[in-house]
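This report refers to the structure that appears directly beneath it.
Chains as they are written, first to last, in the working numbering: chain A, 1 to 435; chain B, 1001 to 1435.
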C-alpha cells in the first residue's frame, strides 16, 4: 500500500471541489488504486469566503510554500499566469509532481513548464485544463497512443455553446442570448475570454501540442469569437442544413498544423452539431481508430475536480514506480509550424440590391481567385441596412468548395469594393464531415 | 529507451489490424512513448487466407507457444473460450503480460484469469473487449478513477443499433432491417450473438465488474435481444418522444448492482438516442464528473487494433516500471450481488377491443400491484390479430412510473388472463434521463 501526500494551492471553485473529492472518496480511491492519497494542506489567501465544502481547519494555510514543502503532489489551482507559474516552477524545483488546470498558462508558456518537468523527470498532469471532467488528455496520450492523429474538432467552451444553441433553437440574437447566459450563471460578468474565443483557443493549443508532439507559439493560433455572429446567418445556415458552433480545430496538414478557433458551420445531422447547451465535446480522428468523440461537462467544480484527481492518482502511481516511466507524450518534434493559410469550405453572405447581374459580378471575382462555388442561396427577404431604407437589399449566400483562406480574404476585399455590395460581407467557415 | 517484444496469437481481422498498426506506426509509437515495441511473432493456423495486410513471412508461425516464448507482451486474439483461455493462462504462467479483446471469455470466466494475473502481478489489458477503439475501459479505470460510478448506459453492439436505427428511421420491420444489415456486412450469417443481446451482455458485464470492483456471475445478467421487437412499438414510442435502443445497463443500487441488456426507450432528444447506425457509445455517470459519454466505432479491424495497441503500450510502460504499479482496478469487493428485481419505468402495450371499461380493468390490476400509471395512449388504429379479423382491436399503450420488475411481470400475467386482452402484452423498459 503506497502513501501519497497531496496539497492544493488555490481554494476557489475547483480547489474546493478537489478537496471535497479527495476527502469524500478517500476510501474508494484507496480501494481502487491500492494507494492512500492524503490531502495534507490547502493554501488560499482568503479563508473567510463561503465555500460549498468546508476544508478542515487543520489543513488550511495562507502560505503556498507550506503546501509545497509538505506534499508529494502539488495541485496548482490559482489560475492566471504569473503567480501560478511561480508556484509550478517552485514545486518542480522542489522535486514535486504537479497537477494543474491552468490552460491559459500552459497554452501560452507551457514550453518552459513542460521542459522543466521533463528535465527533472517529474510527472505533470493537466487533464483538467481541457474539457472539464472529460478524460480527453488521457485519451490523446494513452487511449489513442497508437494512432497518428489526423484531426481534432472540439466544442471546448460551454458559454459560447450555450449562446449559439439558444440562437439556433430560439432564433435569439447574440445580445439576448448572452444576457440569458449571464442570468443563468453560464457567462461571467466580463465574458470576453469566453465569447472572444480565447478560452477555446488555449484548450485547442494544448490538444494540438499533445497530438502533434511539439510546442507552438500561441500567437500563431487564429482566434475569432462569436461576438459578431448575426442571427440571420444562424438562420440561413439552419435552412441549408448547418448548425453554427464555435469549433476549435487542430489538423495536421503535411508538415504543418492548422490550429484555429472560429464560428463554424457543421452539418446539423452530425454528432458534434447535437452537442447543445453548456456541454463540451471533442472529436478526435486517428488513422486507426477513425472518429471518436468524448462528451461531458466542460466546467464546474465537481467535473473539473474529477479530472484533477485522475491526475493526482496518475502522479501517485508514477511516484511509486521506482523507474519513473512517464505517460506517453512527445515533445520531440520541437516547434510546430502553424499554417495560417488554411484550406476550408466557406459560407459567404453579401447584402446586395435585388437586381440582375449582381451574382455574376461577385462570381467573377471569386473565379479570379480560383474559388469554386458549390451552391448559391438568394432569399426573398429584405435586409435592413441603415441609410439604404428605400432599396430592396437581399442576402445572397454562396457556399464555396474548398479554398485557401488568403484567396478568400483577398477576394472579399475586392468584392467589398463593388458598388453592388452593401455592407461588409460575412464569412463563416464550413467544416464538412465534422463527425 | 525501452524495448518490448510483442507477439500476437490469432491473425484474423483484429490480429491483422494489430500487426499492421504495430508495423506501420512503429516509429510514431517509439517517439510518443520512448519505448520500442517490436512485433516479433504472429501465430495462426492458416497462413493461406487473404488478409488486408501481409504479415512479414519471418514473423509467421503456426505454433502459439513460439509466440509466448519470444514475447514480453502476448496479444490473444483467437476468440472463443477454450483455446483462448489456455493461451492466456499459459502466457501468464510464463510471466508474460497479456492483452486480449475476448469479451466472451472475460465476461464468463474472467475471475480465473484476473486472479491469475493478480497473483503474478502481471498486467492484463482488455480495452479492445468493449467498444472497439473507444478508450472506455481506460476512462473507467483511470480517467474517472476518483468517482463513485453511479450508472453506465451503453449502446455496445453495432449490429443491433444499425437494425433499430433503420426500424426507427424508415419504419422497417425487424426482418427487413436484419436482411439489410446482412447485405451491408453489419450482421453475420448467424447473427444470434448480436441480436439476442449476448455480445452487449458480455461487454456490460466487464464494465460492471470494473466499475463496481468485484466479479459477477454472468448467469445473473438479464439479457433480452431485439428479435421480437415489433415495428408498431418503435412507431408508437417515436410518437411519444422516445427512441428504442438496445441498452446495456449497469447501476449501483444500495449494496447490489443491476446488470441488464434489453430493448429500452430513451427520450429522442438525448445524446444516446442520437447514436445511430453501427456506432457505439457509452454514457458513464460518476458522483463528481456527472455524465460523460464516449463515442466511436465499436468494431472493425482498425479501431479494435487501436485499443489493442493502447494496451500493449500500457503493458510496456508497466514492464519498464521496476516496482510494477498496476493501473487502478479493484476486485476487492469479491462477488457482486446482482439485483434481478430491478426498478424501472415501463411501456406496456395491450391489444384490446375498442370497448368501454377495458382500460379500467387493466388499470385495476396495475393498481393491485402498486404500479402507478404515468400516461395512456390509445390509438385509433386497428391491429391485425389472427383469428379476430371481425373485431376492432386497438393498441392501448400505458407508460408507468417507476415500478419493480417482479410486480410488472406478475401484473402482466394477470392482465393476460383478462378476456378483453387479445394477444400477449408487450413490455419495454423506459430509461428516463439516459443522458
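Built from N, CA and C at the ideal position, the CB exists for glycine as well. Bear in mind the structure is a predicted one, so any value in this text is a computation, not a measurement.
Original post:
Taking the continuous alpha helix (DSSP H) assigned at residue 1029/B, which residues delimit it?
Top reply: Taking the second chain and counting its residues from 1, one reaches residue 1029/B at position 29. Segment 1026-1033, the alpha helix (DSSP H) holding residue 1029/B.
Original post:
What's the gap between the Cα of residue 435/A and the Cα of residue 274/A?
Top reply: As a first step, residue 435/A must be located in the first chain, where it is residue number 435. As a first step, residue 274/A must be located in the first chain, where it is residue number 274. Residue placement at residue 435/A cannot be trusted, given a pLDDT of 45 that sits under 50; what the coordinates show is reported in the next sentence. If I take the Cα positions, the gap works out to 11 Å.
**OP:** Please state if the CB of residue 199/A and the CB of residue 157/A are separated by a distance shorter than 8 Å.
**Re:** Counted from its first residue, the first chain places residue 157/A at position 157. Counted from its first residue, the first chain places residue 199/A at position 199. Yes.
Original post:
If you compare alpha carbons, which of 1132/B, 1265/B, 1309/B and 1230/B is closest to residue 1176/B?
Top reply: Taking the first residue of the second chain as position 1, residue 1176/B is located at position 176. Per the Cα distances, 1230/B.
Original post:
Below 8 Å between beta carbons: does that hold for residue 1396/B and residue 1430/B?
Top reply: By 1-based counting over the second chain, the position of residue 1396/B is 396. By 1-based counting over the second chain, the position of residue 1430/B is 430. In this structure, residue 1430/B does not lie closer than 8 Å to residue 1396/B by Cβ.
**OP:** Give the secondary structure of residue 357/A by DSSP, where H, G and I count as helix, E and B as strand, and everything else as coil.
**Re:** As a first step, residue 357/A is located in the first chain; it is residue number 357 there, counting from the start. Note: residue 357/A maps to coil in three-state DSSP.
Original post:
How about residue 142/A: is its C-beta nearer than 8 Å to some C-beta of chain B?
Top reply: Counting from 1 along the first chain, the entry for residue 142/A is found at position 142. Yes, contact with chain B.
Subject >> C-beta contact flag for residue 452/A and residue 1306/B at 8 Å >> reply: Absent from the structure is residue 452/A, since the part of chain A shown begins at 1 and ends at 435.
**OP:** Would you please verify whether the beta carbon of residue 1306/B is less than 8 Å from any beta carbon of chain A?
**Re:** Here the question's residue 1306/B lines up with position 306 in the second chain. Yes, because at least one Cβ of chain A sits closer than 8 Å to the Cβ of residue 1306/B.
Original post:
For the candidate residues 1020/B, 1361/B, 1061/B and 1174/B, whose alpha-carbon lies nearest to that of residue 1419/B?
Top reply: Taking the first residue of the second chain as position 1, residue 1419/B is located at position 419. Taking only the C-alpha atoms, the option nearest residue 1419/B is 1361/B.
Original post:
Between the segment 278-295 of chain A and the segment 133-149 of chain A, do at least 3 Cβ pairs fall closer than 8 Å?
Top reply: Touching, per the Cβ criterion.
Original post:
What is the C-beta distance between residue 1064/B and residue 1087/B, in whole angstroms, given that I count them as a contact (C-beta under 8 Å)?
Top reply: Taking the first residue of the second chain as 1, we reach residue 1064/B at position 64. Taking the first residue of the second chain as 1, we reach residue 1087/B at position 87. 6 Å between Cβ atoms; contact.
Original post:
Residues of chain A with CB under 8 Å from residue 1213/B, in chain order?
Top reply: Here residue 1213/B refers to the residue found at position 213 when the second chain is read from its first residue. Taking a Cβ-Cβ threshold of 8 Å, the residues of chain A close to residue 1213/B are 31 and 32, in chain order.
Subject >> At least 3 beta-carbon pairs within less than 8 Å: the segment 91-108 of chain A vs the segment 1251-1259 of chain B >> reply: Under the Cβ criterion (8 Å, minimum of three pairs), the segment 91-108 of chain A does not count as touching the segment 1251-1259 of chain B.
**OP:** Spell out a yes or no on whether the segment 1157-1169 of chain B and the segment 1235-1249 of chain B are touching, meaning 3 or more CB-CB pairs, one atom from each, closer than 8 Å.
**Re:** For the pair of segments examined, the segment 1157-1169 of chain B was found to touch the segment 1235-1249 of chain B: the number of CB pairs separated by less than 8 Å reaches three.
**OP:** Measure the C-alpha to C-alpha separation of residue 1315/B and residue 1072/B and round it to an integer number of angstroms.
**Re:** Stepping through the second chain from its first residue, residue 1315/B is reached at position 315. Stepping through the second chain from its first residue, residue 1072/B is reached at position 72. If you take the alpha carbons of residue 1315/B and residue 1072/B, they lie about 9 Å apart.
Original post:
Leaving out five residues before and five after residue 1234/B in sequence, what residues of the same chain have Cβ atoms less than 8 Å from its Cβ?
Top reply: Numbered from its first residue, the second chain carries residue 1234/B at position 234. Within the same chain, residue 1234/B has close Cβ partners 1164, 1167, 1168, 1171 and 1244.
Original post:
Can you name, in chain order, every residue of its own chain whose Cβ lies under 6 Å from the Cβ of residue 342/A, other than the five neighbours on each side?
Top reply: Along the first chain, one-based indexing puts residue 342/A at 342. Same-chain partners within the cutoff: 258 and 405.
Original post:
CA-CA distance, residue 15/A and residue 302/A?
Top reply: Translated into the one-based positions of the first chain, residue 15/A becomes position 15. Translated into the one-based positions of the first chain, residue 302/A becomes position 302. Approximately 10 Å, taken between the alpha carbons.
Subject >> Environment of residue 1049/B [buried if 16+ CB atoms lie within 10 Å] >> reply: Against the second chain, residue 1049/B aligns to sequence position 49. Exposed.
**OP:** Measuring alpha carbon to alpha carbon, tell me which of 391/A, 421/A, 311/A and 379/A ends up nearest residue 350/A.
**Re:** In the first chain, residue 350/A corresponds to position 350, counting from 1. Of the listed residues, the one whose Cα sits closest to residue 350/A is 421/A.
Subject >> Buried versus exposed call for residue 1115/B [16 or more other C-beta atoms within 10 Å across all chains shown] >> reply: Position 115 of the second chain, counted from the first residue, corresponds to residue 1115/B. Taking every protein chain shown into account, the CB of residue 1115/B has fewer than 16 other CB atoms within 10 angstroms, so this residue is exposed.
**OP:** Compare the Cα-Cα distances from residue 1221/B to each of 1267/B, 1202/B, 1308/B and 1053/B and report the closest residue.
**Re:** Start at 1 with the first residue of the second chain, and residue 1221/B comes out as number 221. If we check each option's Cα against that of residue 1221/B, 1202/B comes out closest.
**OP:** Write down the C-beta distance between residue 436/A and residue 20/A rounded to the nearest angstrom, noting that I regard them as a contact closer than 8 Å.
**Re:** With chain A covering only 1 through 435, there is no way to say anything about residue 436/A.
Subject >> Host beta strand (DSSP E) of residue 1428/B (start-end) >> reply: Here residue 1428/B is taken as the residue at index 428 of the second chain, counted from 1. First-last of the beta strand (DSSP E) with residue 1428/B: 1422-1431.
Original post:
How far does the beta strand (DSSP E) with residue 1005/B in it reach, from first residue to last?
Top reply: Numbered from 1 along the second chain, position 5 holds the residue referred to as residue 1005/B. From DSSP, the beta strand (DSSP E) with residue 1005/B extends over 1002-1009.
Original post:
Contact check, residue 1125/B vs residue 1354/B under 8 Å by CB: the rounded distance?
Top reply: Along the second chain, one-based indexing puts residue 1125/B at 125. Along the second chain, one-based indexing puts residue 1354/B at 354. At roughly 59 Å, the Cβ-Cβ gap does not stay under 8 Å, so residue 1125/B and residue 1354/B are not in contact.
Original post:
Using 8 Å as the limit for Cβ to Cβ distance, is residue 1162/B near chain A?
Top reply: As a working mapping, residue 1162/B is identified with position 162 in the second chain. Chain A, which has no Cβ nearer than 8 Å to the Cβ of residue 1162/B, makes this no.
Original post:
From what residue to what residue does the alpha helix (DSSP H) around residue 1160/B run?
Top reply: Walking along the second chain from the start, residue 1160/B turns up at place 160. Segment 1158-1170, the alpha helix (DSSP H) holding residue 1160/B.
Original post:
In the DSSP assignment, what are the bridge partners of residue 1146/B?
Top reply: Along the second chain, read from residue 1 onward, the residue named residue 1146/B stands at position 146. Note: residue 1146/B sits in no beta bridge, so no partner.
Subject >> For residue 113/A, the three-state DSSP class (helix, strand or coil) >> reply: Residue mapping note: residue 113/A aligns to position 113 of the first chain, counting from 1. In the structure shown, residue 113/A sits in a helix (DSSP, three-state: H, G or I).
Subject >> residue 159/A to residue 42/A span [Cα, whole Å] >> reply: As a working mapping, residue 159/A is identified with position 159 in the first chain. As a working mapping, residue 42/A is identified with position 42 in the first chain. Inter-residue distance for residue 159/A and residue 42/A is about 29 Å (C-alpha atoms, whole angstroms).
**OP:** Compare the beta carbon distance of residue 40/A and residue 7/A with 8 Å and say whether it is the shorter of the two.
**Re:** Against the first chain, residue 40/A aligns to sequence position 40. Against the first chain, residue 7/A aligns to sequence position 7. For residue 40/A and residue 7/A, yes; Cβs fall inside 8 Å.
**OP:** Please name the residue in 1135/B, 1340/B, 1131/B and 1009/B whose C-alpha comes closest to that of residue 1161/B.
**Re:** What you label residue 1161/B is simply residue 161 of the second chain in a count that begins at 1. It is 1131/B whose Cα lies nearest to the Cα of residue 1161/B.
**OP:** Using DSSP bridges, identify the partner residues of residue 1284/B.
**Re:** Within the second chain, the letter at position 284 stands for residue 1284/B. Paired residues: 1152/B and 1292/B.
Original post:
How would you label residue 1416/B, buried or exposed, when you count the other beta carbons within 10 angstroms and need 16 or more for buried?
Top reply: Walking along the second chain from the start, residue 1416/B turns up at place 416. Looking at its Cβ environment, which holds fewer than 16 other Cβ atoms inside 10 Å, residue 1416/B is exposed.
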